[in-house]
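Notes to accompany the following structure.
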Amino acid sequence: MLNVGVIIKLEPDFSEGNVSYNSDGTLNRAETKNILGPHSAIACNAAFYCKVKYEARISIGTMGPPIAESALKQAQVLTDAEELNLYSDRLFAGADTLATAEVLKNGIGKMFGENKIDIVFSGHRASDGETGQTGPQTAWKLGYTFLGNVIGFDIDLGRNVVIAKRLISLQGMDIIIEEIESSLPVFITIDPSYRSIFNTVSQRLAANKFRKEGTKRSEEYRQFLRVFDSKKLDLDPKRVGLPGSPTIVYRVEKIPRAKTNRKTEVIDPSNPNTLSPLIAKIIQIVRGE
Amino acid sequence: MSKSTNQESISNHKIEKYRHLYVIIEHFEGQVIPVSLEMLGEARRLMDEFNSKYNSTEKVVAVVLGNNVRKLCDDLVTYGADSVIYADHEELKYPRNDIDTKVIVQIANDAKIMKIISPEYENTFVKPRYMFFAADNIGRHLSSTVLAELDSGLASDINKLVISDLDIRHEHKTKGQSIRYEKILEMYRPDFSGFLWTTILCLDNKNPEILREYHPQGCSIIPGAFRPIEKDNLRKGTIVEYSPNIDQELKIKILNRKVIKRTIDYETCKIVVSFGRGIKDNPEQNIKLIEEFAHLLGAEIGITLPLSKKPYQVSQNLDSKYMIADRVIGTSGSKITPTLYVAVGLSGAVQHVAGMKESEMVISINTDENSPIIDESDIFIKGRMEEVVPILIEQIKKQMSSISVRSS
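Residue numbers (the working numbering), protein chains in the order written: chain A, 1003 to 1291; chain B, 109 to 516.
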């Protein structure tokens, strides 16, 4: 039996109509709704692929306040997860990535009654924090092999290995697609371009069945939910939250406007006289003159 | 001993265990990736100032992993490194997180190298003081795992750095007392909106209840954020070969590696048309309109960072073609210098402006004259993009055909 874990995050919803910005361009957190982050959703899709193709069991985990339950519920719809885990404790508040990884490491260790998890998926990066550090740091603390930027994968259950494709894009260089093999367990962060594809009829039927089941389970998601505090996770309070964070946020300020040397001409587009020289200039540039 | 060093040793009894700034170099097909030289440039500026301020001789140390990489090392010296530590091994030919992490940690913990690169600190060196990585597909993960193993702090996506002495009063770090921290790296990170700057510090816990030292102070640096220093072929540096310990079984095997030409190439583009949240009233139609406009100009299309978060429902085709990270112009995407930049319905967040401000000519189309983009525009066309872009398309077509009629 393949055991799959997914680490997810509740994030501000950046979609139009739900996101709210302050007049200075910064995010209005109070007015913006929270949802399962889009990268977390992609990680869920990768786990669901394992369920359909390899009959995997899925356990979802998230660190956050009690409202993060809603992200677990949304993740259950996508994955038909057997288990939902909320790692929640006031002591965890204010954690940086290293202190978050400490909690997630122990949380993953408790999935499925401490049965070893074969693959952990997480998103590429969160839409709000955007560090992309938590996944690899959790992997390292767990002692799992870390595979980043994965755009596709399959598992060879007989050999206990994963064969993955990953995408590496470096500044000013061509793109590399690498096919790699690694023995399980692995920790995979899924690239945003990942799509799960079900090739056969039986896979598509299974996918439909699990989707229905997932929606049904999520209606009573609390039955599947377990809540862990620092004690239940056997965590040292000195290694989590603010006390366990090497870094602090020292200052938050508005980025000053850059100095500029341009003289701006404001044009009214309804006046053809002002537009005409501009059009001529654009055409000149287009023709390389 | 000079007077000020003497004073330093009297006022500061503790022996400093953390020295130097290590820069982790990335390369590809025998070429150093630009961000690596940019990091060296910023490291050079910071450490020159550091050494004169603190009267010390701490180094910029470049670290290179790979196969046949000795030839890269001299260049790193000419771009600002005092020392280059390189590990040359078949197994290091391509980046792999597991083995690279282990080798970098070995190098960071190796005090014996000090005998060659800075004998004055040989007996006291424990770990690097600062560490820089690139905030890209390789460095982002590598920085995370290296700092996890070294059990220290890391800030990501940095575009400004300052070293200073700070009086810190923090509930946990100092137990509410005001304590002076010396030689602290202030790491500035633009947030996702591009309007806020967060300064992150990596600080030792001086609170006796949770006493712990956090070094190196690590960060990943946004490609394009800093400038390399001018190449100086006369610069001297020490180059040290490091023999890594690679006896453990390697978990990741590379089966196959394909290089694909980049499909979006802003470097060779004369004209770039970018759009932002101003498309919101009818995203599908407006993107198509911009497509038509860009096509007419022979322009490449760019977007702002918020658009890469897919805030709008548009057809799959437009979504996968345009709402992608590869098209972001700005500090978290591409930095470009076209002859003409057309900014359609975008406000001009600082992090976006940083990516386009070197454009030769800038035309912006926006309803709001208070948008910061106006400062970066030669021409500001006031109006809704839905109205302005069709007028431009029509006028350009008209003038183009009349010119070609005249010339024929």
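Here a beta-carbon is modelled for each residue, glycine too, at the ideal position from N, C-alpha and C. A quick note: this is a predicted structure, and the numbers were derived from the prediction, not measured.
Next on the checklist: Helix, strand or coil, according to DSSP, for His-135 of chain B in the structure here?
Outcome noted: strand
Item to check | Contained beta strand (DSSP E) runs [length at least 3] in the region 232-304 of chain B, N- to C-terminal order | outcome: 235-242, 262-266, 268-277, 286-298
Checklist entry - Near Tyr-126 of chain B, what residues of its chain come up, given a Cβ to Cβ distance below 7 Å and the 5 sequence neighbours on each side ignored? => result Val-234, Lys-235, Pro-236, Arg-237, His-323, Pro-324
Item to check | In DSSP terms, what Asp-1176 of chain A is bridged to | outcome: BP columns for Asp-1176 of chain A are empty, so no partner.
Checklist entry - Can a CB atom of chain A be found closer than 7 Å to the CB of Ser-516 of chain B? => result No answer about Ser-516 of chain B holds up, because its pLDDT of 46 lies below 50 and its placement is not dependable.
Item to check | Cβ contact (3+ pairs, closer than 8 Å) linking the region 1117-1126 of chain A and the region 1064-1077 of chain A | outcome: no
Checklist entry - Are the CB atoms of Ile-372 of chain B and Leu-405 of chain B nearer to each other than 7 Å? => result no
Item to check | Run of the alpha helix (DSSP H) containing Lys-223 of chain B, from where it starts to where it stops | outcome: 222-225
Checklist entry - Where DSSP assigns a beta bridge to Tyr-350 of chain B, which residues make up the other side? => result Tyr-350 of chain B pairs with B:Ala-195.
Next on the checklist: For a contact defined as C-beta to C-beta under 8 Å, what are the partners of Thr-1102 of chain A on chain B?
Outcome noted: Under the 8 Å cutoff, chain B gives no residues; its nearest Cβ is about 11 Å from Thr-1102 of chain A.
Checklist entry - Any idea if Pro-1248 of chain A is buried or exposed, counting beta-carbon neighbours within 10 angstroms, 16 or more meaning buried? => result buried
Item to check | Asn-1005 of chain A - DSSP class collapsed to helix/strand/coil | outcome: strand
Checklist entry - If you run the structure through DSSP and keep just helix, strand and coil, what is Phe-488 of chain B? => result strand
Checklist entry - Near Ile-221 of chain B, what residues of its chain come up, given a Cβ to Cβ distance below 8 Å and the 5 sequence neighbours on each side ignored? => result Ile-193, Ile-215, Val-348, Tyr-350
Checklist entry - Under 7 Å Cβ-Cβ, which residues of chain A neighbour Val-367 of chain B? => result Asp-1176, Ile-1178
Item to check | Proximal chain A residues relative to Met-85 of chain B, where beta-carbon distance stays under 7 Å | outcome: Residue 85 of chain B is absent from the structure shown; chain B starts at 109 and stops at 516.
Item to check | Whole runs of the alpha helix (DSSP H) within the region 1114-1170 of chain A, excluding any shorter than 4 residues | outcome: 1136-1144
Checklist entry - Count the other CB atoms within 10 Å of the CB of Ala-333 of chain B; is the residue buried (16 or more) or exposed (fewer)? => result Note on Ala-333 of chain B: 16 or more other CB atoms within 10 angstroms of its CB, so buried under the neighbour-count rule.
Checklist entry - What three-state label does DSSP hand Ile-123 of chain B in the structure shown? => result Correct three-state label for Ile-123 of chain B: coil.
Item to check | Segments assigned alpha helix (DSSP H), at least 4 residues, entirely inside the region 369-446 of chain B | outcome: 391-405, 424-430
Checklist entry - Taking only runs of the alpha helix (DSSP H) that begin and end inside the region 1078-1106 of chain A, which ones reach a length of at least 4 residues, in chain order? => result none
Checklist entry - Using CA coordinates, which residue listed in B:Lys-281, B:Thr-253, B:Lys-359 is at the minimum distance from Leu-1186 of chain A? => result Ranking B:Lys-281, B:Thr-253, B:Lys-359 by CA distance to the CA of Leu-1186 of chain A puts B:Lys-359 first.
Next on the checklist: Could you compute how far the alpha carbon of Val-143 of chain B sits from the alpha carbon of Gln-1173 of chain A?
Outcome noted: Approximately 7 Å, taken between the alpha carbons.
Checklist entry - Which residues in chain A sit within 8 Å of Val-496 of chain B, going by Cβ to Cβ distance? => result Pro-1271
Checklist entry - If you drop the 5 nearest sequence neighbours on each side, which residues of the same chain put their C-beta closer than 7 Å to that of Arg-248 of chain B? => result Ser-264, Ser-328
Checklist entry - Between which two residues does the alpha helix (DSSP H) carrying Gln-214 of chain B extend? => result 205-216
Item to check | Residues of its chain near Ile-1269 of chain A, where Cβ-Cβ distance is below 6 Å and the 5 sequence neighbours each way are ignored | outcome: Thr-1276
Checklist entry - Does Glu-1085 of chain A come within less than 7 Å of chain B when only Cβ atoms are used? => result no
Checklist entry - Looking at the unbroken beta strand (DSSP E) that takes in Ser-1061 of chain A, where does it start and where does it end? => result 1059-1065
Item to check | Reference Ile-246 of chain B; option with closest CA among B:Met-508, B:Pro-480, B:Ile-141, B:Phe-488 | outcome: Among B:Met-508, B:Pro-480, B:Ile-141, B:Phe-488, the Cα nearest to that of Ile-246 of chain B belongs to B:Ile-141.
Next on the checklist: Looking at the secondary structure, which residues open and close the alpha helix (DSSP H) in which Lys-1112 of chain A lies?
Outcome noted: Per DSSP, Lys-1112 of chain A belongs to no alpha helix (DSSP H) and is neither H nor E.
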